[in-house]
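Asks: Please see the structure below; I have some questions.
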Amino acid sequence: MSLSKYYKKTDSFKPEELVPVSKEKIIKNPPSRWVETADNQFITDPLPISNSNDSTIPADKKGSTPKDDEQYHADITPEKIEDPEETIGVETEETINLDNYIERTEMDKLLEKAFEDGTRNGLEKAEEDYGSATRSLFTICQQLDSIRETIIANSSRELQEFAIALAERIVRSPFTENRETIIATLEEALGQAIKSDEFTIFVSPDDYEIVMEKSADLVEGLSGLSKIIIKKDSEIEVGGARIESENCTIDATLASQFDMIREEMAKRL
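The letter at position 171 of the sequence shown is residue 171 when you use full-length UniProt numbering, and the numbering goes up by one with no holes.
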């Protein structure tokens, strides 16, 4: 490449090559072309040299002169140059299957539906668990009520038996210590009996003597009574008696009296 500069003086001035260059040198040093710059200067610009074996240069352009090369380069217009972006776009273009994608609105609907389903399932699960716990608690309360009623019933019966047993001890004690208590029992029993001319009185052997002594008083105390018969009965406890007549029978034993008390207490409980 020659870096010589020429200053143009006249319009008819044309630079000429003063030293001939051999063909080998031309190959080694590619030819230059004169180019006029903006400040009216001429500089040499090397022209591209193509290999004669290069298949990219048309056959009619091989061995051409610099002027032919200039014309060859001038024939290359932007329209004839392939757009690299278009080429790249063709090579890198990929086929996109829209069936593999969903719209954002559809995605939002799916997310909202999933949230609602999860909330509903959670509430149903909580309600199911709460309902099961409530039923279990209700069953336990029923069992507790049943146990309470059983305890109360058993306690009532136990308290009843205890009260009657205590009453028997209290009642029998006076009968044992005070023999005349049997006379009060007989007077009350004869007062409840249906009127009759004759009564048979069964008493404990321990009470026989005291009853025999008071028999006359018993006959005088009841109007219409003309005769009483006193008999011993070992099955009758002290303080008790059984009165019989042709019209009725009165059980005035202590056992029967306490049985009546138990019946009345059972009715009230």
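For every residue, glycine included, the Cβ atom is placed at its ideal position computed from N, Cα and C.
Here the structure is a predicted model, which is why all the values come from computation and not from measurement.
When you compare the CB positions of S215 and I228, do they come within less than 7 Å of one another, or not?
Replies: In the sequence shown, counting from the first residue as 1, residue 215 sits at position 215. In the sequence shown, counting from the first residue as 1, residue 228 sits at position 228. Yes, Cβ-Cβ distance for S215 and I228 is below 7 Å.
Asks: Given that a residue counts as buried once 16 or more other Cβ atoms are within 10 Å of its Cβ, and exposed if not, what is R120?
Replies: Position 120 of the sequence shown, counting from 1, holds the residue named residue 120. Flag for R120 reads exposed.
Asks: Is it buried or exposed, S245, if we count other Cβ atoms within 10 angstroms and call 16 or more buried?
Replies: The residue labelled residue 245 in the question sits at position 245 within the sequence shown. When all chains shown are included, S245 counts as buried.
Asks: Closer than 6 Å by C-beta to D197: which residues in its own chain qualify, once you throw out the five before and the five after it? Chain order, please.
Replies: Your numbering for residue 197 matches position 197 in the sequence shown. Correct list, in chain order: S226.
Asks: Pull up the DSSP beta-bridge partners for F199, would you.
Replies: Here residue 199 corresponds to residue number 199 of the sequence shown, with the count starting at 1. In DSSP, F199 forms a bridge with I228.
Asks: Do I236 and S204 have their beta-carbon atoms positioned less than 7 Å apart in this structure?
Replies: Here residue 204 corresponds to residue number 204 of the sequence shown, with the count starting at 1. Here residue 236 corresponds to residue number 236 of the sequence shown, with the count starting at 1. Closer than 7 Å, so yes.
Asks: Using the DSSP secondary-structure output, state which residues sit across from D251 in a beta bridge.
Replies: Along the sequence shown, one-based indexing puts residue 251 at 251. Per DSSP, R242.
Asks: Can you check whether the CB of A252 is closer than 7 Å to the CB of T200?
Replies: Counting from one through the sequence shown, the residue named residue 200 turns up at place 200. Counting from one through the sequence shown, the residue named residue 252 turns up at place 252. In this structure, A252 does not lie closer than 7 Å to T200 by Cβ.
Asks: So is G239 buried or exposed if we call it buried at 16+ other beta carbons inside 10 Å?
Replies: Here residue 239 refers to the residue found at position 239 when the sequence shown is read from its first residue. The residue is buried, with at least 16 neighbouring Cβ atoms inside 10 Å.
Asks: Kindly indicate which three-state DSSP category S223 falls into: helix, strand or coil?
Replies: Working through the sequence shown from its first residue, we reach residue 223 at position 223. Correct three-state label for S223: coil.
Asks: Going by the CB atoms, is the gap between Q160 and M265 shorter than 7 Å?
Replies: Working through the sequence shown from its first residue, we reach residue 265 at position 265. Working through the sequence shown from its first residue, we reach residue 160 at position 160. Cβ atoms of M265 and Q160: closer than 7 Å.
Asks: Note down the Cα distance separating I140 from E106, rounded to an integer number of angstroms.
Replies: As a working note, residue 140 is residue 140 in the sequence shown. As a working note, residue 106 is residue 106 in the sequence shown. Rounded to the nearest angstrom, the two C-alpha atoms are 51 Å apart.
Asks: Relative to the alpha-carbon of L189, which residue among I250, E112, L110 and I164 has its alpha-carbon at the smallest distance?
Replies: Here residue 189 refers to the residue found at position 189 of the sequence shown. Here residue 189 turns out to be Ala, not Leu, going by the sequence shown. Out of I250, E112, L110 and I164, I250 has the C-alpha closest to the C-alpha of A189.
Asks: Please classify F202 as buried or exposed, where buried requires at least 16 neighbouring CB atoms within 10 angstroms.
Replies: On the sequence shown, residue 202 is found 202 positions in, with the first residue counted as 1. So F202 ends up on the buried side.
Asks: Taking a contact to mean a Cβ-Cβ separation below 7 Å, would you say D207 touches I182 in this structure?
Replies: Taking the first residue of the sequence shown as position 1, residue 207 is located at position 207. Taking the first residue of the sequence shown as position 1, residue 182 is located at position 182. In contact: D207 and I182 (Cβ atoms closer than 7 Å).
Asks: Specify, as a first and last residue, the run of the alpha helix (DSSP H) that E188 falls within.
Replies: To locate residue 188, count along the sequence shown from 1; it is residue 188. Here the alpha helix (DSSP H) through E188 covers T181 to Q192.
Asks: According to the neighbour-count rule (16 or more other Cβ atoms, all chains shown, within 10 Å of its Cβ), is I243 buried or exposed?
Replies: Here the question's residue 243 lines up with position 243 in the sequence shown. I243 should be labelled buried.
Asks: From I210 to E263, what does the alpha carbon distance come to, in whole angstroms?
Replies: Looking up residue 210 in the sequence shown gives position 210. Looking up residue 263 in the sequence shown gives position 263. Looking at the two C-alpha atoms, the distance is approximately 32 Å.
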